[in-house]
Amino acid sequence: MKPYFSWFAGGIVLAVMFVAAVALVKPIGVSTQFVIADAIVWDAVDDSVITTSKESKSGYTSSNAYLAKSGGKYAKNAENPINYSFIFVLSMIAGAFVSSRLKGGDRPIGADKFAPKVWRDRFGESPVKRYIAAFIAGFLVLYGARFAGGCTSGHMMSGLMQTSLSGFLFTIGAFATAVPTAILLFNKKSKGDA
Amino acid sequence: MTTTIVLSIVLGFAFGFVLNRIGATNPENIINMLRLKDMHLFKSILFGVGLSIVLLFAGLEFGLIDAGHLSVKAASIGVLIGGAILGVGFAFGFCPGTSVAAAGTGRKDAWFFIVGGLVGAFAYMMTYGAVKATGLLDAVYGGKVTFAETSSKFASLIPDVPGLLVAFIIGAVLMIIAWKMPMKIGK
Chain A
262 MKPYFSWFAG GIVLAVMFVA AVALVKPIGV STQFVIADAI VWDAVDDSVI
312 TTSKESKSGY TSSNAYLAKS GGKYAKNAEN PINYSFIFVL SMIAGAFVSS
362 RLKGGDRPIG ADKFAPKVWR DRFGESPVKR YIAAFIAGFL VLYGARFAGG
412 CTSGHMMSGL MQTSLSGFLF TIGAFATAVP TAILLFNKKS KGDA
Chain B
5 MTTTIVLSIV LGFAFGFVLN RIGATNPENI INMLRLKDMH LFKSILFGVG
55 LSIVLLFAGL EFGLIDAGHL SVKAASIGVL IGGAILGVGF AFGFCPGTSV
105 AAAGTGRKDA WFFIVGGLVG AFAYMMTYGA VKATGLLDAV YGGKVTFAET
155 SSKFASLIPD VPGLLVAFII GAVLMIIAWK MPMKIGK
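So the protein lines, in turn, are chains A and B. Note that my numbering numbers the first sequence so that position 153 is 414, with each residue one more than the last. Note that my numbering numbers the second sequence so that position 38 is 42, with each residue one more than the last.
Put into structure tokens, the structure is as follows:
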């Protein structure tokens, strides 16, 4: 791995980031915002999806049970996209972009823009193959994250930071499949295509 | 703009910046971590988690951090299963946070991951009722619980020992494991 930050400096920066977020506002989480983005689009296509409701705690409800749960908080956030969690995730794109263009950042060049080297060595130079795999991976990751109620940020980092039981359960479940899958996928020599 | 929105812009920007600086936006590093070839990123994550536990609970103890800001997620069998489903996709090199940041750095595969993720999240919205009906999302061990006592807001699994002590022990153990872990496991 390229020497961006040493593992030690990286750990300190991560810790400060997660603690600063909870000190100032609340724990970091990302995967919920995929639901919010979906709901924004869905409600734009069919505005009967999210409606106001006097009975609901947030003032909003939805014809979709998932958006309506927990007092309609997802419905409310989708109806008001200028909210903390959604803007936070959009702003991450800008932060990563700026870092990648500064000295010491990770900026993909050439074929790395469509697939990392470890992928190309194993599965060849076809971008389409990588895009299809990335799409399927994204599907599994977000379906799993919503099933679990959080992702690497919300459960693993923010959850473990609070020593929550759910954070430990998530971390065990995720690594239990991620490590064998990665070994099965990538620890073979490619057969002539690289 | 309200203060909250300013904070969301600043903190989100910082988080994307940090993910790039530690190499997490590069799927090569995630894949090599998961196949145990390069533990650089894992050591950062583990050390970061350990240190964040110590900083958070010290902050709570000394009144620097408002316990009202905490948000503990409920424990259920679904968390374990969902984590396991996520893990299979994670092996391809992205998680939700790093995919968003990686897309910002110009990785096209990250955009495909995000679109797949939007479809996956939508699929969950559509199947939520059926998933809930299985009972897998029902809280276990009290649901929103922590090992170290945080505040009256959430129950602790170890209520008889001061939260700060439990937190320091867990945090120290994680930091020591991170410190001792080799950069590469196996051959």
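Glycine included, each C-beta is placed from N, C-alpha and C at the ideal position.
By Cβ distance below 7 Å, which residues in the same chain neighbour I85(B) in space, the five residues on each side in sequence not counted?
Cβ within range, chain order: L140.
Can the beta-carbon of P377(A) be found closer than 8 Å to that of P31(B)?
In this structure, P31(B) lies closer than 8 Å to P377(A) by Cβ.
S425(A) to P100(B) span [Cα, whole Å]
Straight-line measurement puts the Cα of P100(B) at about 20 Å from the Cα of S425(A).
Please list the partners that F408(A) has in chain B, where partner means a Cβ-to-Cβ separation under 7 Å.
Taking a Cβ-Cβ threshold of 7 Å, the residues of chain B close to F408(A) are G82, I85, G86, I89, Y128 and V135, in chain order.
Express the C-alpha separation of Y321(A) and K315(A) in angstroms, rounding to a whole number.
Roughly 8 Å separates the two Cα atoms.
Please tell me whether A95(B) and T442(A) are closer than 8 Å, where the distance is taken between their beta carbons.
Going by beta carbons, A95(B) and T442(A) fall inside the 8 Å limit.
Beta-carbon contacts of A159(B) that lie in its chain and below 6 Å, excluding the five residues immediately before and after:
Within the same chain, G146 and V149 come within 6 Å of A159(B) by CB-CB distance, once the 5 residues on both sides are set aside.
Pick from S346(A), K449(A), S267(A) and V302(A): whose alpha carbon is nearest that of M43(B)?
The option with the nearest alpha carbon to M43(B) is S267(A).
Going by C-alpha to C-alpha distance, which of A435(A), F429(A) and G420(A) sits closest to S56(B)?
For S56(B), the nearest C-alpha among the options comes from G420(A).
Please state whether DSSP places I181(B) in a helix, a strand or coil.
Of the three classes helix, strand and coil, the one that applies to I181(B) here is helix, per DSSP.
Does the distance from the CB of I348(A) to the CB of S12(B) come in under 8 Å?
Closer than 8 Å, so yes.
How about D308(A): is its C-beta nearer than 8 Å to some C-beta of chain B?
D308(A) is outside the set of residues whose beta carbon lies under 8 Å from a beta carbon in chain B.
If contacts are defined as beta-carbon pairs under 8 Å, then I189(B) and L40(B) qualify, I think. What distance do you get, rounded to the angstrom?
I189(B) to L40(B), Cβ: 4 Å. Contact.
Strictly below 9 Å CB to CB, what residues from chain B border G385(A)?
Here the premise fails: no neighbours, minimum Cβ distance about 14 Å.
Could you name the residues of chain A that E32(B) contacts, counting a contact when the two beta carbons are closer than 7 Å?
Within chain A, the residues near E32(B) are P377, K378 and V379.
Could you work out which residue in Y327(A), I273(A) and V379(A) is closest to A137(B) when comparing CA atoms only?
When each option's Cα is compared against that of A137(B), the closest is Y327(A).
Considering S12(B), what are the terminal residues of the alpha helix (DSSP H) in which it resides?
Segment T7 to R25, the alpha helix (DSSP H) holding S12(B).
Going along chain A, which residues have a C-beta under 9 Å from K188(B)?
Think of a sphere of 9 Å around the beta carbon of K188(B): no beta carbon from chain A falls inside it, the nearest being about 11 Å out.
Sub-8 Å separation of F61(B) and L168(B) beta-carbons:
Taking the C-beta atoms as reference points, L168(B) is found nearer than 8 Å to F61(B).
Beta-carbon gap between S427(A) and F21(B) smaller than 8 Å
The answer is no: Cβ separation not under 8 Å.
Tell me where the beta strand (DSSP E) around I81(B) begins and ends.
Element bounds for I81(B): not the beta strand (DSSP E) but the alpha helix (DSSP H), I81 to F94.
Is the number of C-beta pairs between the stretch 407-422 of chain A and the stretch 62-69 of chain B that are closer than 8 Å three or more?
Cβ pair count under 8 Å is below three, so no.
May I ask you to list the residues that DSSP assigns as paired with F158(B)?
BP columns for F158(B) point to S155(B).
If you follow the alpha helix (DSSP H) that I273(A) is in, where does it begin and where does it stop?
For I273(A), the enclosing alpha helix (DSSP H) starts and ends at W268 to L285.
Here's the rule: buried if 16 or more other CB atoms are within 10 angstroms of the residue's CB, otherwise exposed. What is D113(B)?
Under this definition D113(B) is a buried residue.
DSSP state of A62(B) mapped onto helix, strand, coil
Secondary structure at A62(B): helix, using DSSP grouped into helix, strand and coil.
Limits of the alpha helix (DSSP H) - the one that I34(B) falls within:
P31 to L38 is the extent of the alpha helix (DSSP H) around I34(B).
Boundaries (first-last residue) of the alpha helix (DSSP H) holding S323(A)
S323(A) -> not in any alpha helix (DSSP H); beta strand (DSSP E) instead, spanning Y321 to S323.
DSSP beta-bridge partners for T312(A)?
T312(A) is bridged to T322(A).
According to a CB-to-CB cut-off of less than 7 Å, which residues of the stretch 282-294 of chain A neighbour chain B?
Cβ contacts with chain B: A282, V283, A284, L285, V286, K287, P288, I289, V291 and S292.
Of the residues D304(A), S317(A), S324(A) and T438(A), the one placed nearest P342(A), counting alpha carbons only
In terms of CA proximity to P342(A), D304(A) leads the group D304(A), S317(A), S324(A) and T438(A).
Are A105(B) and A357(A) touching if we call contact CB-CB under 8 Å?
With respect to A357(A), A105(B) sits close: the two C-beta atoms are nearer than 8 Å.
What separation, rounded to the nearest whole angstrom, lies between the Cα atoms of P166(B) and N24(B)?
Cα-Cα distance, rounded: 37 Å.
Three-state secondary structure (DSSP) at S425(A)?
It is a strand residue.
Can you give the Cα-Cα distance for L285(A) and L15(B), rounded to whole angstroms?
Those two C-alpha atoms are separated by around 9 Å.
So, with DSSP's three-state summary, where would you put T150(B)?
Strand at T150(B).
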